[in-house]
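Residue numbers (our numbering), protein chains in the order written: chain A, 10 to 434; chain B, 10 to 434. The beta carbon of each residue, even a glycine, is placed where N, CA and C say it ideally should be. If you're wondering where the values come from, they're calculated on a predicted model, not measured in any experiment.
Structure, rendered in structure tokens:
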């Protein structure tokens with residue numbers, strides 16, 4: 010009977026940990042609330058109807074199918090007993106005992122103590138979120154077309170995006186072109202080009218993870234697309250009719266939230282003190298202090314390196330997942346554990362077509378414009394899981410690129426179609 | 010001010026009517042509850058995770074984008090005042106007055122007076138239905154994998170399909186291979202090949218619209234796939250744990266309904282007597298007796314030809330939609346109206362791979378096996394709307410054909426991926 014490793018969460022952290030254990034002398038059980046792994050960096054393209062959900066997600070079972078030592082459970086963890094080493098689930102098999110536990114349940118957006126804003130201003134973390142944002146985005150134009158008053162029409166044509174990080178920037182940069190091109194010829198009572206997209210950031214600049222010049226470039230790029238960028242601006246209220254920015258009122262039917270980072274509530278089940286944002290401070294080997302058999306990886310883990318917290322981004326989660334898996338094997342084989350070391354591969358964000366910013370080696374290499382855009386494109390295709398997803402995404406992008414159309418414009422998740430000289434195609 | 014034609018429903022009947030009015034001297038308003046047109050003949054492939062919803066649906070707005078005389082309303086009709094010629098909607102613009110009305114709201118499955126069965130045994134008419142059936146289909150295997158008892162495991166691995174028409178036959182024929190091939194290597198605690206699929210038909214044969222020999226061929230083909238076919242068998246009960254077939258009990262976690270035909274309730278708003286199944290008997294020009302300005306087309310319309318009712322199938326709806334549009338133009342131009350004449354293009358159904366049955370010219374030409382299968386394939390590609398849908402469907406089918414995988418296996422509507430020699434791919 011081999012030791013059992015239970016992994017909770019099959020995002021970048023959990024899935025890469027599981028794959029790294031494929032040939033290890035352990036039994037692996039992967040637990041996730043959904044049956045699929047999502048390539049989160051492209052979620053905003055599902056939310057803006059460019060890609061179909063299926064283009065950026067694959068079944069966890071299929072991804073781990075070749076690993077005979079690994080099984081998958083579709084369930085949510087409700088309790089963790091770190092003393093008895095048992096995880097409780099909301100479905101069969103109800104309980105899972107473990108010898109080693111890897112918690113990789115990630116994070117969601119933070120409403121800074123205003124949980125009630127979530128209903129009016131959904132965040133973007135999973136496929137369901139993306140479909141909800143897409144639904145509101147598409148519905149706004151349908152409602153504007155038949156709005157009873159000019160004021161209501163303008164409110165429907167106003168979209169506010171909160172948060173100037175990569176998600177907010179890329180979301181705003183994808184919404185605006187839809188009104189300028191995609192929808193232009195399909196409505197009879199409104200000029201979709203009059204739609205207003207406002208990007209609100211509380212801090213002094215966009216994309217704080219990138220060097221300052223690139224933040225300014227991103228701002229210029231967004232403004233060139235017609236996006237209103239508001240820096241140093243805090244959201245003080247969100248309700249069904251719009252948002253409050255200090256004394257300024259913006260009437261908007263649609264508000265999307267891409268700000269803050271709140272670690273998964275599962276962290277509180279481990280019975281260790283939580284740091285800011287609900288993250289769990291881990292030892293250099295990524296284990297929880299006092300519980301060398303419990304590891305935490307990804308957005309939920311807090312670990313400092315060179316005096317700065319390792320960022321809550323996909324590459325860090327992947328690296329931590331693999332490192333935790335290696336340390337599990339070391340522990341099983343009675344070897345010394347390795348300290349985790351984050352290799353910063355750089356940051357990049359894309360803004361509409363032919364525009365992107367990228368920074369590598371702590372800003373030693375900075376790219377912008379077309380070259381950064383093509384680089385972004387190739388990198389994301391390369392990291393996508395699965396031959397068919399790559400083909401499919403490339404087809405969607407080629408279609409969107411040449412036709413200015415959007416591939417997935419159905420309120421229930423369908424895909425618009427057709428190609429040619431006709432402006433409607 | 011041109012006369013206004015209001016079309017309720019953008020299925021095969023309504024959409025083809027709208028397109029036929031593109032250059033007519035009228036204003037057209039198309040009303041639908043969804044924002045997309047669905048290619049219903051392939052819905053069962055979305056329900057069985059072969060295709061993504063987006064592959065078989067296109068936005069109505071996009072489809073009618075080139076028609077400057079046509080606008081689209083996303084809403085449901087709640088009332089029709091045939092005297093004042095006004096349609097009431099559940100959303101803005103709330104009311105639409107018309108000079109001519111085309112009602113094309115189709116039909117749903119009939120539970121023969123047991124509406125309460127719908128919750129346990131969903132039907133298959135729209136994208137949402139297909140996603141619900143796919144969800145239950147995928148969930149059954151997830152639950153079986155961790156079922157606490159053998160009895161529960163077997164119940165989860167039993168799927169009952171009610172109705173031996175094309176939908177039921179094609180659904181059953183697509184479900185069985187998934188358990189034999191697609192899922193085979195991904196589960197650790199169950200042998201998915203032991204899954205049981207039961208197709209129940211109240212009548213003496215499958216596919217009653219086709220010649221008898223083809224019905225028998227279809228039965229043999231299904232049985233060769235491992236489907237249990239029960240003819241002359243009535244469903245007498247459906248509950249959360251299974252179905253009752255007379256004195257026989259079948260414990261099944263999953264039941265799909267593809268029997269009967271109940272016309273859309275909207276027919277009752279027209280204030281004319283309803284025929285069996287809630288259909289409306291129309292005049293030869295497809296108008297409602299006493300209301301020459303109101304037309305009914307598609308599944309909702311009842312019209313006899315050569316002593317037999319025109320069947321409630323997509324080709325009939327398309328032909329009626331075009332005919333009603335022509336008669337609207339005749340009426341506007343004070344010309345004589347044409348009587349509708351249904352051209353039966355034949356029937357066909359596919360059963361798994363390399364197996365299908367087809368009948369043309371009232372059975373004068375009958376095809377079966379590979380040739381019928383390839384014919385079915387080409388015909389459906391040809392009728393799909395939109396260049397991109399065709400490309401996408403062909404890619405999905407090639408993938409499924411060569412890998413025995415399914416393209417859309419996500420509980421939230423994603424797409425599995427990967428290709429190669431690995432049995433998991």
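Just to confirm, is the Cβ distance from residue i to residue j under 8 Å?
i: residue 267 of chain B; j: residue 309 of chain B; result: no
i: residue 50 of chain A; j: residue 367 of chain A; result: no
i: residue 209 of chain A; j: residue 169 of chain A; result: yes
i: residue 129 of chain B; j: residue 338 of chain B; result: no
i: residue 291 of chain A; j: residue 259 of chain A; result: no
i: residue 335 of chain A; j: residue 347 of chain A; result: yes
i: residue 46 of chain B; j: residue 24 of chain B; result: yes
i: residue 84 of chain B; j: residue 73 of chain B; result: no
i: residue 154 of chain A; j: residue 198 of chain A; result: yes
i: residue 139 of chain B; j: residue 52 of chain B; result: yes
i: residue 314 of chain A; j: residue 351 of chain A; result: yes
i: residue 31 of chain A; j: residue 76 of chain A; result: yes
i: residue 133 of chain A; j: residue 56 of chain A; result: yes
i: residue 71 of chain A; j: residue 195 of chain B; result: yes
i: residue 333 of chain B; j: residue 295 of chain B; result: yes
i: residue 109 of chain B; j: residue 12 of chain B; result: yes
i: residue 44 of chain B; j: residue 342 of chain A; result: no
i: residue 279 of chain B; j: residue 252 of chain B; result: no
i: residue 119 of chain B; j: residue 269 of chain B; result: yes
How should residue i be labelled, buried or exposed, when 16 other C-beta atoms within 10 angstroms of its C-beta is the threshold for buried?
i: residue 370 of chain A; result: exposed
i: residue 435 of chain A; result: Given that chain A is displayed from residue 10 to residue 434, the structure contains no residue 435 of chain A and the question cannot be resolved.
i: residue 131 of chain B; result: buried
i: residue 22 of chain A; result: buried
i: residue 429 of chain A; result: The pLDDT assigned to residue 429 of chain A is 29, lower than 50, so where the model puts this residue is not dependable, and the model offers no usable value.
i: residue 114 of chain A; result: buried
i: residue 431 of chain B; result: Residue placement at residue 431 of chain B cannot be trusted, given a pLDDT of 37 that sits under 50; what the coordinates show is reported in the next sentence. Exposed is the call here.
i: residue 123 of chain B; result: exposed
i: residue 282 of chain B; result: exposed
i: residue 63 of chain A; result: buried
i: residue 146 of chain A; result: buried
i: residue 184 of chain A; result: buried
i: residue 175 of chain B; result: buried
i: residue 356 of chain B; result: buried
i: residue 393 of chain B; result: buried
i: residue 327 of chain A; result: buried
i: residue 422 of chain A; result: No answer about residue 422 of chain A holds up, because its pLDDT of 35 lies below 50 and its placement is not dependable.
Please list, in chain order, the chain B residues whose beta carbon lies closer than 8 Å to that of residue i.
i: residue 206 of chain A; result: Correct list: empty, because the minimum Cβ distance to chain B is about 21 Å.
i: residue 266 of chain A; result: Result: empty, since nearest Cβ-Cβ is about 20 Å, beyond 8 Å.
Which residues in chain B sit within 7 Å of residue i, going by Cβ to Cβ distance?
i: residue 194 of chain A; result: 74
i: residue 82 of chain A; result: 155
i: residue 383 of chain A; result: What residue 383 of chain A touches in chain B: nothing, since even the nearest Cβ is about 23 Å away.
Would you mind telling me which residues of chain A sit closer than 7 Å to residue i, beta carbon to beta carbon, in chain order?
i: residue 156 of chain B; result: 101
Report the neighbours of residue i on chain A: residues whose CB is nearer than 9 Å to its CB, in chain order.
i: residue 197 of chain B; result: 77, 79, 80, 81
i: residue 404 of chain B; result: 397, 400, 401, 404
In chain A, which residues lie with their C-beta within 8 Å of the C-beta of residue i?
i: residue 5 of chain B; result: There is no way to answer for residue 5 of chain B, as the model of chain B reaches only from 10 to 434.
i: residue 126 of chain B; result: Ordered by position in chain A, no residue passes the 8 Å Cβ test against residue 126 of chain B, which lies about 24 Å from the chain.
Assuming residue i and residue j are in contact, meaning their beta carbons sit under 8 Å apart, how far apart are those beta carbons, in whole angstroms?
i: residue 211 of chain A; j: residue 245 of chain A; result: That pair is no contact at about 10 Å.
i: residue 15 of chain B; j: residue 38 of chain B; result: 5 Å
i: residue 224 of chain A; j: residue 202 of chain A; result: Not quite, the Cβ-Cβ distance comes to about 27 Å (not below 8 Å), so this is no contact.
i: residue 361 of chain A; j: residue 234 of chain A; result: 5 Å
i: residue 106 of chain B; j: residue 91 of chain B; result: With a Cβ gap of about 12 Å, residue 106 of chain B and residue 91 of chain B do not count as contacting.
i: residue 65 of chain A; j: residue 41 of chain A; result: Rounded, the Cβ-Cβ distance is 16 Å, inconsistent with contact.
i: residue 231 of chain A; j: residue 181 of chain A; result: 6 Å
Can you tell me whether residue i sits near the ligand MN, meaning its C-beta is under 7 Å from at least one heavy atom of the ligand?
i: residue 347 of chain B; result: Here there are no bound small molecules, and the ligand MN is not part of this structure.
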